[in-house]
Amino acid sequence: MDENIEEGAARSLEDELEACGFLPLPSPNSCIYKVPEKLCKVKHEAYKPQIISIGPYHRNTEGLHSMESSKERYFKAFLRRTLPTLTSRLTLSNLIIAIKRIESQARECYHDLVLGRDLIKAGDGYDSDTFVKMMILDGSFILELLHRYANEGARDANDPIFFTGWMLSSLQHDLVLIENQIPFIILEKLYRLTRTYSQQNDQSLDQLVLRFFKTMLPYSIESELPAPTQESLPVRSARYILGYLLAIERFIQSPFCSRESMLPITQGPEIQLNEFLPNPEETVVVRMPTTQAGSQHRQINSSGSQHRQINYRSRHRHMLDLLRSNLLPSSAHEENAGGDPGWEFTRCVTSLSEAGVKFVRKDKSDGLLDIKFHKGTFNIPPFDFDESTDVVLRNMIAMEQCDRMSTRQITSYVLLLDILMNSERDVKLLRDKKIIRSYLGDDVEMSLIINSMCKGVSITHFCYDGLCSRCNRYIQGTWYKWREVLMRDYFNTPWALFSFLAAIVLLILAITQTLYAVLAYYVSSSPS
Numbered sequence: 001m002d003e004n005i006e007e008g009a010a011r012s013l014e015d016e017l018e019a020c021g022f023l024p025l026p027s028p029n030s031c032i033y034k035v036p037e038k039l040c041k042v043k044h045e046a047y048k049p050q051i052i053s054i055g056p057y058h059r060n061t062e063g064l065h066s067m068e069s070s071k072e073r074y075f076k077a078f079l080r081r082t083l084p085t086l087t088s089r090l091t092l093s094n095l096i097i098a099i100k101r102i103e104s105q106a107r108e109c110y111h112d113l114v115l116g117r118d119l120i121k122a123g124d125g126y127d128s129d130t131f132v133k134m135m136i137l138d139g140s141f142i143l144e145l146l147h148r149y150a151n152e153g154a155r156d157a158n159d160p161i162f163f164t165g166w167m168l169s170s171l172q173h174d175l176v177l178i179e180n181q182i183p184f185i186i187l188e189k190l191y192r193l194t195r196t197y198s199q200q201n202d203q204s205l206d207q208l209v210l211r212f213f214k215t216m217l218p219y220s221i222e223s224e225l226p227a228p229t230q231e232s233l234p235v236r237s238a239r240y241i242l243g244y245l246l247a248i249e250r251f252i253q254s255p256f257c258s259r260e261s262m263l264p265i266t267q268g269p270e271i272q273l274n275e276f277l278p279n280p281e282e283t284v285v286v287r288m289p290t291t292q293a294g295s296q297h298r299q300i301n302s303s304g305s306q307h308r309q310i311n312y313r314s315r316h317r318h319m320l321d322l323l324r325s326n327l328l329p330s331s332a333h334e335e336n337a338g339g340d341p342g343w344e345f346t347r348c349v350t351s352l353s354e355a356g357v358k359f360v361r362k363d364k365s366d367g368l369l370d371i372k373f374h375k376g377t378f379n380i381p382p383f384d385f386d387e388s389t390d391v392v393l394r395n396m397i398a399m400e401q402c403d404r405m406s407t408r409q410i411t412s413y414v415l416l417l418d419i420l421m422n423s424e425r426d427v428k429l430l431r432d433k434k435i436i437r438s439y440l441g442d443d444v445e446m447s448l449i450i451n452s453m454c455k456g457v458s459i460t461h462f463c464y465d466g467l468c469s470r471c472n473r474y475i476q477g478t479w480y481k482w483r484e485v486l487m488r489d490y491f492n493t494p495w496a497l498f499s500f501l502a503a504i505v506l507l508i509l510a511i512t513q514t515l516y517a518v519l520a521y522y523v524s525s526s527p528s
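Numbering (our numbering), first residue to last: 1 to 528.
And the structure:
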């Protein structure tokens, strides 16, 4: 009996191990994650969508299906606005083919989808057609929403998104969540393909995204991206052909290329340029040169699909990544390489102020994170704070916690705020200096929110270690210690300061009276 139980347990364990062997490892290109449970426990509502699901993670979540009809309505409007004719099957087919070419890259962006967690939990796999349809529907909805937000004339008179007060703010909340992102390569591909036919797109995709989320960000972002010029199609085609020729020249001049190793160009990999040309019905194929080694290692087909997978790279991985990038300084500001367990913290604003440290609003800065300490003065860029700011920063922190390639700059910034603002007195001091503009109920609420943002966060990299070290050395001088004692114990209230000044005046009067008495004695006792 016991042997049968042991054999059954062994077989069960073997089956589980065998099943685990088929689960793929996460891709190094993963960038869209599910938030760790320890962060969700601190503030669950900051990471979960309210009205809409984007991508696979919340597709089956109850309460989010009502927006599917709005997605379809926006998709139809998107096609009418961008494509020549809605009934053109060939044009719509090309749109689908273009997304299928980058399908594998888009799948790799979803960390938990690659690991198979959603497939096991939901029991519903995402085949190629389902996934591509989801990417096109969600991507076109976002692009149409961005277009209507930037152009009031493009909005329908009865569109509830813009004429119902709460819907737009809820959508902004949902579209900034790390779990609710769509790969930026999808948005860029759809935008590039469709803007060829539209004369209304006078802004870049980056500018549209930044404008949509501008009110949620703690720092005023004025995009420095130049407005795209309206190039004629022949000029654009010539530009891409020139780029192709330059790519060939760079390849030929590389040290790995020799005349003997070159293959005929007819054997090189194909690149289709039809999405850049005026007539999408024409498929223009060019070939890149290659070597024998490159030909042996090249993989053209993927998972049996008839559509070749193109390795398309984007400057941003998703919209949240774009927002984060625009908050970072343009130049390196880190004062510690990170990973050192000996990095220092400093004191709160009130304590530092009592020790003689000044806090100054830094109007000309290199971004939100450009905080400096120099000669006893903290120079801090101004920032706005409300409930939406809390959501944005928490999701950026969650992204940095999950992404092994990401720097911890936003986490370090929020941690520094947590150190500086321990109480409402600290918040009030920064608010009086015009450094903080809070739209919350009171200073107590803001201090509580700031102090909770790094709960459950693993701190392995602190970018402001050098800044805190300099501040600590500054306040460790003898004079600053005495000054802190005086400010804390004797000048902590206006009445205490008044009493001290009154005592000084009385002391001066007493000394003066004594001097007069002594002088009068000597004058009276001296011989006449």
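Yeah, the Cβ is synthetic: ideal placement off N, Cα and C, and Gly gets one too.
Because the structure is a prediction, the values reported are computed rather than measured.
Rounded to whole angstroms, Tyr522 and Thr514 show a C-alpha spacing of 13 Å.
For Val360, the enclosing beta strand (DSSP E) begins and ends at Lys358 to Arg361. Of the candidates Lys428, Glu445, Asp370 and Val427, Asp370 places its Cα closest to the Cα of Cys463. Residue pairing for Arg437: DSSP places it in a beta bridge opposite Asp384. Taking the CA atoms as reference points, Lys41 sits about 43 Å from Arg81. The criterion of a C-beta distance shorter than 8 Å is not satisfied by Ser140 and Lys100.
Note that the region 369 to 384 does not touch the region 441 to 450; fewer than 3 beta-carbon pairs, one per stretch, sit closer than 8 Å.
Proximity to Lys358 across Ile475, Arg437 and Lys455 peaks at Ile475, based on C-alpha coordinates. The region 63 to 77 makes contact with the region 42 to 54, as at least three CB pairs between them are under 8 Å. By a beta-carbon distance limit of 8 Å, Tyr57 contacts Asp112. Their separation comes to about 7 Å. Straight through space, the alpha carbons of Asp390 and Asp418 are spaced by roughly 13 Å. According to the DSSP assignment, Lys372 belongs to no alpha helix (DSSP H) but to the beta strand (DSSP E) extending over Lys372 to His374. When secondary structure is reduced to three states using DSSP, Ile32 falls in the strand class.
Counting of Cβ neighbours within 10 angstroms places Leu519 among the exposed residues, the total staying below 16. Beta-bridge analysis with DSSP links Asn379 to Val360 and Lys372.
Between the alpha carbons of Leu440 and Asp384 lies a gap of roughly 10 Å. Of the residues assessed, Tyr110 falls on the buried side of the cut-off, its CB having 16 or more other CB atoms within 10 angstroms. DSSP, reduced to helix, strand and coil, places Tyr47 outside both helices and strands of the structure shown, so it counts as coil. Of the residues assessed, Met405 falls on the exposed side of the cut-off, its CB having fewer than 16 other CB atoms within 10 angstroms. For Tyr219, DSSP assigns no beta-bridge partner whatsoever.
Beyond the five residues adjoining it in sequence on each side, Val392 comes within less than 6 Å, by CB distance, of Val176 and Met216 in the same chain, given in chain order.
At the C-beta level, Val349 and Leu416 stay beyond 8 Å of one another. The C-alpha of Lys433 is placed about 45 Å away from the C-alpha of Leu190. Within the DSSP bridge table, the entry for Tyr464 names no partner. CA-to-CA, the gap between Phe75 and Asp465 works out to about 49 Å. Distance from the CA of Thr460 to the CA of Lys364, rounded to the nearest whole angstrom, comes to 30 Å. Here Leu429 has Val349, Thr350, Ser353 and Phe359 as same chain residues with Cβ atoms under 8 Å from its own Cβ, once five neighbours each way along the sequence are excluded. For the options Leu327, Ile161, Cys31 and Ile380, the alpha carbon positioned closest to that of Thr411 is the one of Leu327. Taken through DSSP and simplified to helix, strand or coil, Tyr57 comes out as coil.
Apart from the 5 residues on each side of it in sequence, His173 sits with its Cβ closer than 7 Å to the Cβ of Gln50, Ser388 and Val391 in its chain, given in chain order. Exposure of His44 is indicated by the presence of fewer than 16 other C-beta atoms within 10 angstroms of its C-beta.
Cβ atoms of Val427 and Asp443 come within 8 Å of each other, at about 4 Å. The three-state reading of DSSP puts Tyr110 in strand, counting E and B together.
Counting other Cβ atoms within 10 Å of its Cβ, Ser30 reaches 16 or more and is therefore classed as buried. Counting the other CB atoms within 10 Å of its CB gives Thr91 a total of 16 or more, which places it among the buried residues.
At the C-beta level, Met399 and Leu323 stay beyond 8 Å of one another.
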